[in-house]
Structures are given as structure tokens and as C-alpha cells.
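> Numbered as in numbering that gives the first Met the number 0, the sequence shown ends at 331 without a single skipped number. Positions of the beta carbon are idealized from the N, C-alpha and C atoms, including for glycine. These numbers come from a predicted model, not from an experiment.
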Amino acid sequence: MGSLQQYAEKGKLVDLGSMIGSDTLKADFPESLLTAATVNGKVYGVFTGVDNFMVWYDPKTYKGPKDPSSWAELEKFTQQQAAAGSTPWCMAQNAGAGSGFPGTQWIEAWFIKHYGAAKLQDWASGKLSWTSPEVKAAWQAFGAVATDKKMVNGGPTGVLSASIVNNGTGLISSPAKCQVMLWGVYADGLTLMQNKALKPVTDLDFYPVPAASPAYANDELFGGHVAYAFNDNPQTRALMKYWASAQAQTLLVASGQWTEANTKIPASAYSNPLLKKSYQQLVNGRTLAAGPSLYGSPAVLTAYDKGVVNYIQNPGSLDTILAGLQRTATGG
Numbered sequence: 000m001g002s003l004q005q006y007a008e009k010g011k012l013v014d015l016g017s018m019i020g021s022d023t024l025k026a027d028f029p030e031s032l033l034t035a036a037t038v039n040g041k042v043y044g045v046f047t048g049v050d051n052f053m054v055w056y057d058p059k060t061y062k063g064p065k066d067p068s069s070w071a072e073l074e075k076f077t078q079q080q081a082a083a084g085s086t087p088w089c090m091a092q093n094a095g096a097g098s099g100f101p102g103t104q105w106i107e108a109w110f111i112k113h114y115g116a117a118k119l120q121d122w123a124s125g126k127l128s129w130t131s132p133e134v135k136a137a138w139q140a141f142g143a144v145a146t147d148k149k150m151v152n153g154g155p156t157g158v159l160s161a162s163i164v165n166n167g168t169g170l171i172s173s174p175a176k177c178q179v180m181l182w183g184v185y186a187d188g189l190t191l192m193q194n195k196a197l198k199p200v201t202d203l204d205f206y207p208v209p210a211a212s213p214a215y216a217n218d219e220l221f222g223g224h225v226a227y228a229f230n231d232n233p234q235t236r237a238l239m240k241y242w243a244s245a246q247a248q249t250l251l252v253a254s255g256q257w258t259e260a261n262t263k264i265p266a267s268a269y270s271n272p273l274l275k276k277s278y279q280q281l282v283n284g285r286t287l288a289a290g291p292s293l294y295g296s297p298a299v300l301t302a303y304d305k306g307v308v309n310y311i312q313n314p315g316s317l318d319t320i321l322a323g324l325q326r327t328a329t330g331g
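1) For residue 162, tell me which candidate among 193, 147, 175, 150 has the shortest Cα-Cα distance.
2) Can you list, in chain order, the stretches of the beta strand (DSSP E) that have 3 or more residues and sit fully within the segment 84 to 130?
3) Hey, how far is the Cα of residue 67 from the Cα of residue 199?
4) Taking the alpha carbon of residue 50 as the point to measure from, which residue in 322, 305, 211, 256 has its own alpha carbon closest?
5) Check each candidate in 59, 182, 164, 36 and name the one with the smallest Cα separation from residue 95.
6) Nearest by alpha-carbon distance to residue 314: which of 210, 63, 227, 147 is it?
7) Give me the residue from 123, 18, 134, 175 with the minimum Cα distance to residue 4.
8) Do residue 239 and residue 12 have their C-beta atoms closer together than 8 angstroms?
9) Are residue 142 and residue 317 close, meaning C-beta to C-beta below 8 angstroms?
10) Suppose the cutoff is 7 angstroms on Cβ atoms and the five residues either side in sequence are ignored; what does the same chain contact list for residue 285 look like?
11) Who does residue 182 pair with in a DSSP beta bridge?
12) With residue 207 and residue 280 assumed to form a contact (beta carbons below 8 angstroms), what rounded beta-carbon distance in angstroms separates them?
13) Give a yes or no on whether the C-beta atoms belonging to residue 278 and residue 112 are separated by under 8 angstroms.
14) Mind checking residue 87: buried by the 16 CB within 10 Å criterion, or exposed?
15) In the DSSP assignment, find the beta strand (DSSP E) that holds residue 222 and state where it starts and stops.
16) Should the segment 27 to 45 be regarded as contacting the segment 225 to 245, the criterion being three or more beta carbon pairs within less than 8 angstroms?
17) For the beta strand (DSSP E) that residue 286 lies in, which residues bound it at each end?
18) Report yes if the CB atom of residue 175 is closer than 8 angstroms to the CB atom of residue 167, and no otherwise.
19) Which of helix, strand or coil does DSSP assign to residue 301?
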């Protein structure tokens, strides 16, 4: 999204309202996703795969609340588990050059559920500083989990060394090594592929990230993939119209691996019940918002990911990390 904004502001992209049709876009996509791809009043991008974020657990071994009414309720459970000597959280950050990116999503998921979609957008746009109390509180909440050896499977060293492919392995291992994992919808495929005998819902399920207050319960963090056009010619018009259509996105859904953005996709197309549940969470009365992990420039994204890694390695460096990110974001 950061690249889309940069290209659009330089006049390099084609207005998709004229290419696909403004009425079609409004009828087929959530307003939040259109707003996310809008620059100076024009829609320049169309979402295909769209990710939301949730709390994952194994129904056979999970001992906590299945639909906690607040973040405090979930936090109380995890703290009780840690005090009893049972590690509550699964977490992995090793993604090669992109190591740390799951942490940025954890931080933003916590942020939106405590301060709401509007303030998350302020952070993403630069209106809210990286050094603000709200942003720092989100990082500290993440750090209270990721840097505490009693809270995370493998401790901070394990968090940094574990591959993201194995992020949910601790949930489904026997015996279970952890109870919950906050991550995106793609955790479904990555976790279940560790054991082909496991079944969605029976062996792995999720509930929405609980909010600090009811005011933010329907605010949801999203990420995803967006397509945009540099040229306006018959071939590009045909491709973009098809790529945005319910027909094309229904075919992607049929793979059983993706949640797509078009609201005209029939729920029956989702053969995977977890993806169907995720899709319904996205389209049913939710206010979707994205943070700097989607909107940031390449320089900010790199610094953000590295900041997560550095914070886990040295929790006392948070103020320095946030000040550096603010300088990177403002070009200072």
C-alpha cells in the first residue's frame, strides 16, 4: 500500500473508478478496503486476498475462554497459565529478511482493539507519532508477552529463532506447548499442513481478538494484496475487471487457502470452515483498518520489522527504537 500511494501521488496509476466502474467497486467491496486504496479521492487499487487477525487455539487442549468479552479476560487467563508453569502463548518471528513482521501485526491488532480504527489510521498516516503514549503502550503489551520466558513457548530466544511456518506448531503438538496464538488467517494453512490428519474447527479454531471495550469490538485490523494498473489499454482493463470480479475471486477461494475481498462471493464457496468464518468476520458489520505495516514506505517497513527483533533482544531499548522509527517515517 505504501508503494501504491507513492505511485498514485506521482500520477503513475490509473483511476480504477473509470476502469472498472465506481458503482461496481462500491457494490462489490467493503467501503474500508476502497478507502484504503484511495488517494486524493480516486480508487487506485483493488484488493484480492485480504487477511484479518484472530486468536487461534486447539479446541481439544485449550483451557481458556472460547469467546472472551474483553482483552483483560484473555490476559488474566494467560497470566494465570504462566503463573502455574504452563506457557500460554505461541509466537515465532523468524522470516529471514522479513523477521519481525508477525510482531508488527500483533502490535497493531492489540492497538486497534484498545484505541479503535480511527486512531490506527492516524498512526498509519503519520498523524499519530511513533513515540505517542498509545503506540508505546501497544509495543509494551507485545513486549510483556514476547520478552517473558514464562509467557512464550521457547522464551524470547525461541521466539526469534522459530520459523513463522511453525508459528502454531505448539498449539497442535502432543502435549500442547502453548494455548493461544495471535496471528492472521493464513495461520490456518500453515498450522494444519504440519499434520495432514488434523481437521479445521476440530483441531484448530479461532475467535476474534477481544477488545478493551465494546466500542472497539467490531474494529478489525486487515492486511492483504492489492492490484493496481499503470496502463490504460483494453488488455489491462480486461485483466483488472476480471481480477476484481466475484468470478475470479471465487476461483481463488476454491483453493481452500485464501480469504478474498469481493463481497459477492457466495459463502458456500468456502469449503474450509475456518476461511468461511474469517470471511464472515470481515464482511459482517466490521470496520476494517490497516496500520503502518500495510501503509508504510519500504524504509519504514524494514525499520519496523527490525525494531520488533531488536525490542525482543533488548526490551530496554524501546524508546530508542520508537524514536528511530519516527525519524524514518518523517525522513528526519
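On the basis of the supplied data:
1) As a first step, residue 162 must be located in the sequence shown, where it is residue number 163. Ranking the options by Cα distance to residue 162, first place goes to 193.
2) none
3) Taking the sequence shown and counting its residues from 1, one reaches residue 67 at position 68. Taking the sequence shown and counting its residues from 1, one reaches residue 199 at position 200. Between residue 67 and residue 199, the C-alpha separation is close to 21 angstroms.
4) For the purposes of this step, residue 50 is taken as residue 51 along the sequence shown, with counting starting at 1. Nearest option by C-alpha distance: 256.
5) Locating residue 95 in the sequence shown gives position 96, counting from the first residue. Taking only the C-alpha atoms, the option nearest residue 95 is 164.
6) Numbered from 1 along the sequence shown, position 315 holds the residue referred to as residue 314. Comparing Cα positions, the closest option is 147.
7) In the sequence shown, counting from the first residue as 1, residue 4 sits at position 5. Nearest option by C-alpha distance: 123.
8) Taking the first residue of the sequence shown as position 1, residue 239 is located at position 240. Taking the first residue of the sequence shown as position 1, residue 12 is located at position 13. No; because the gap between Cβ atoms is not below 8 angstroms, this pair is not in contact.
9) Locating residue 142 in the sequence shown gives position 143, counting from the first residue. Locating residue 317 in the sequence shown gives position 318, counting from the first residue. Cβ atoms of residue 142 and residue 317: closer than 8 angstroms.
10) Looking up residue 285 in the sequence shown gives position 286. Contacts found: 217, 219.
11) Position 183 of the sequence shown, counting from 1, holds the residue named residue 182. 53, per the DSSP bridge assignment.
12) Along the sequence shown, one-based indexing puts residue 207 at 208. Along the sequence shown, one-based indexing puts residue 280 at 281. So it is a contact: roughly 6 angstroms between Cβ atoms.
13) Translated into the one-based positions of the sequence shown, residue 278 becomes position 279. Translated into the one-based positions of the sequence shown, residue 112 becomes position 113. Contact: no.
14) For the purposes of this step, residue 87 is taken as the residue at position 88 of the sequence shown. Buried: at least 16 other Cβ atoms inside 10 Å.
15) Within the sequence shown, residue 222 is the residue found at index 223, counting from 1. It spans 218 to 226 - the beta strand (DSSP E) in which residue 222 sits, taken as one unbroken run.
16) yes
17) By one-based count along the sequence shown, residue 286 stands at place 287. Where residue 286 is concerned, the enclosing beta strand (DSSP E) stretches over 286 to 288.
18) In the sequence shown, residue 175 corresponds to position 176, counting from 1. In the sequence shown, residue 167 corresponds to position 168, counting from 1. No. Outside cutoff.
19) For the purposes of this step, residue 301 is identified with residue 302 of the sequence shown, where counting begins at 1. DSSP places residue 301 in helix when its eight states are reduced to three.
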